[in-house]
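Residue numbers for the sequence shown follow the working numbering, beginning at 32 and rising by one. We put the beta carbon where it would ideally sit given N, CA and C, even for glycine. Read the structure below first, then the notes.
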Amino acid sequence: MQESSAEVVVIGGGVVGASIAFHLAEASVDVALIEKSELGAGSTSKAAGGLRTIFSDDLNIEIALRSIEAYRNFSARPGHEVDFKVHGYLILISREDDLENFRRIVERQNAFGIPSRIISPEEAGEINPMISTEGLIAALHSPADAQCSPEGAVMGYAQGARKLGAKILQGEGVMGIDQEANSITAVHTASRKISTSTVVIAAGVWSPEIGEMIGLDIPVKPYKREIVITDSLGSHWSGMPDSLPMTIDFSSTLSWRPEGGALLIGFSDERVPAGFDTTRDPRYIEKLAELALHRIPITNQLGIGKGWAGLYDTSPDNNALLGEANSPNRVLYATGFSGHGVMQAPAVGEIIRDLYLGQEPFVDISPLSVDRFKEARARRESAVF
Ligand SMILES: Cc1cc2nc3c(=O)[nH]c(=O)nc-3n(C[C@H](O)[C@H](O)[C@H](O)COP(=O)(O)OP(=O)(O)OC[C@H]3O[C@@H](n4cnc5c(N)ncnc54)[C@H](O)[C@@H]3O)c2cc1C
């Protein structure tokens, strides 16, 4: 058994854990990051990399704005390429009650200075000439929204943290956490004991297992989501703008964006129950084709290349769980991002650093405490796709 120590142990090496380790190391905190598999191997490497400010909850808008700014400057801090592009988001709307909701969201975005607008179906068709506008009543265009490479983000934060002195351990999961008199004393893997007084739970959909080790209930469930990449668009690209936005057909959940001359495309199959299974549904492409044929007719002429399935890290109200546990002492958690963890990771790194150091974070995150479910303070985020 190897023995070592760290001021803080971050559990989980996805984009969130890596960002937290970076921000702590930058503040001269002695931090160890433990990843049971490889960095980014969880949900992070399966994500589409969309960075949006389209949220019904002001807190999410503030967190997204802060994060997009951090991704814009990522090549300087932590110093890594993340393929950051500002191509915007386009949400296609075909139901009156969705339009009402998105009108409210645009109002909130505009209150934060975000230049989003409700536009006509015709204008949506000019912004993304790939769409069929049939059945649409409006669209939300948020041109300042962006995208990045999730792998670039996790690697950038991890390398940045390592340069600043963080220890990064891969290939060994946390199997136990010791406590004495309500305080954390050590974290165990199969071959190591790391003495510490503080743990940060950033284990994505596996966070409930870590919570159980210390009696903390973390209500996060895994939901399978698939994505495929089409064959190259070739001559179908002619007449398309260089900067096609991430486009979401809200009523069907179909979403797509360009990816290296092809399309990265997926939809949320709400019929799939919660679970850790990530085998690809043999009927997924057939179901996708049915939806896409109607909204993106071009896909009729394209083959499908590779695809994959990953897990959405879903909380009961589709909002993140962020904060410090009441008990035991010095247990912080950052999980349950409900499909928007890549876009929130930079700001979350800052927030957890500040909670650890006893500083005020840039936003009040007390409404995101895990206790909200026990205290009937759930706050449902409606812009989930
Ligand atoms: C198909 C798909 C598309 C998505 N698209 C987007 C998008 O466009 N934009 C966006 O913002 N988000 C998107 N998401 C969501 C996003 O991927 C997640 O919210 C985000 O990756 C969560 O990051 P994380 O670091 O919390 O979790 P993860 O990346 O899952 O990392 C948790 C890590 O903890 C490790 N771990 C687990 N147990 C232990 C243990 N006992 N000890 C040590 N380590 C452990 C795991 O191996 C894993 O690497 C998408 C997700 C999917 C599946």
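Within 7 Å of the C-beta of T216 there is not a single heavy atom belonging to ligand 1. Judged by DSSP secondary structure, V40 falls outside any alpha helix (DSSP H) and instead within the beta strand (DSSP E) spanning 39–42. Per DSSP, the continuous alpha helix (DSSP H) segment holding E157 begins and ends at 152–158. Taking the CA atoms as reference points, I94 sits about 12 Å from N350.
By the beta-carbon neighbour count (other beta carbons within 10 angstroms, threshold 16), G265 is exposed.
Cβ-Cβ separation between V259 and I316: approximately 7 Å, consistent with a contact (criterion under 8 Å). When only Cα atoms are considered, M374 and T84 end up about 9 Å apart.
Fully enclosed alpha helix (DSSP H) runs of no fewer than 4 residues occupy 89–103, 127–142 of the segment 69–155, in order along the chain.
In this model, S36 and N132 are separated by some 50 Å (Cα to Cα).
When DSSP assignments are scanned along the segment 206–269, the uninterrupted stretches of beta strand (DSSP E) that are 3 or more residues long and fall wholly within it turn out to be 207–211, 214–219, 223–226, 229–232, 252–261. Using a Cβ distance threshold of 8 Å, A376 and A184 count as a contacting pair. Each of I383, F298, W339, L342 was checked against the Cα of E321, and the nearest Cα belongs to F298. In the three-state reduction of the DSSP assignment, Q33 falls in the strand class, which pools E and B. Contact annotation: Y254 and Y343 have beta-carbon atoms nearer than 8 Å.
T366 has its Cβ nearer than 7 Å to a heavy atom of ligand 1. By the Cβ criterion, the segment 354–361 is in contact with the segment 389–401, since at least three pairs of Cβ atoms, one from each stretch, lie closer than 8 Å. Of the candidates A142, L123, M161, the residue whose Cα lies closest to the Cα of I149 is L123. Contact fails between the segment 207–220 and the segment 183–198, because fewer than three Cβ pairs, one in each stretch, are under 8 Å apart. The three-state reading of DSSP puts V362 in strand, counting E and B together.
Spatial neighbours of I335 in its own chain (CB-CB distance under 8 Å, excluding positions within 5 residues in sequence) are listed in chain order as V259, I260, T261, D262, I316. Partner residues in a beta bridge of H371, as assigned by DSSP, do not exist. A Cβ-Cβ separation of about 6 Å places R126 in contact with S282 under the 8 Å criterion.
Boundaries of the beta strand (DSSP E) harbouring I65: 62–66, taken from the DSSP string.
Separation of A407 and V415 (C-alpha to C-alpha, rounded to the nearest whole angstrom) is 21 Å. Going by C-alpha positions, E66 is about 11 Å away from V46. The DSSP-derived three-state label of I327 is coil. T220 sits away from R361, with the two beta carbons spaced by 8 Å or more. For T75, the CB falls within less than 7 Å of some heavy atom of ligand 1. A distance below 6 Å between beta-carbons, with the five flanking residues on each side excluded, links I99 to the following residues of its chain, in chain order: L82, A177. Of the heavy atoms belonging to ligand 1, none sits nearer than 7 Å to the Cβ of A58. F143 is classed as exposed because its beta carbon has fewer than 16 other beta carbons within 10 Å across all chains shown.
Counting along the chain, P289 sits inside no alpha helix (DSSP H); it lies in the beta strand (DSSP E) bounded by residues 285–290. In the assembly as shown, A212 is an exposed residue. Its beta-carbon has fewer than 16 other beta-carbons within 10 Å.
At a cut-off of 7 Å, the beta-carbon of R410 does not count as near ligand 1: no heavy atom of the ligand is closer than that. Of the candidates V62, A56, D61, I42, the residue whose Cα lies closest to the Cα of E69 is I42. When P250, K224, S106, D280 are compared, the shortest CA-CA separation from H172 is found for D280.
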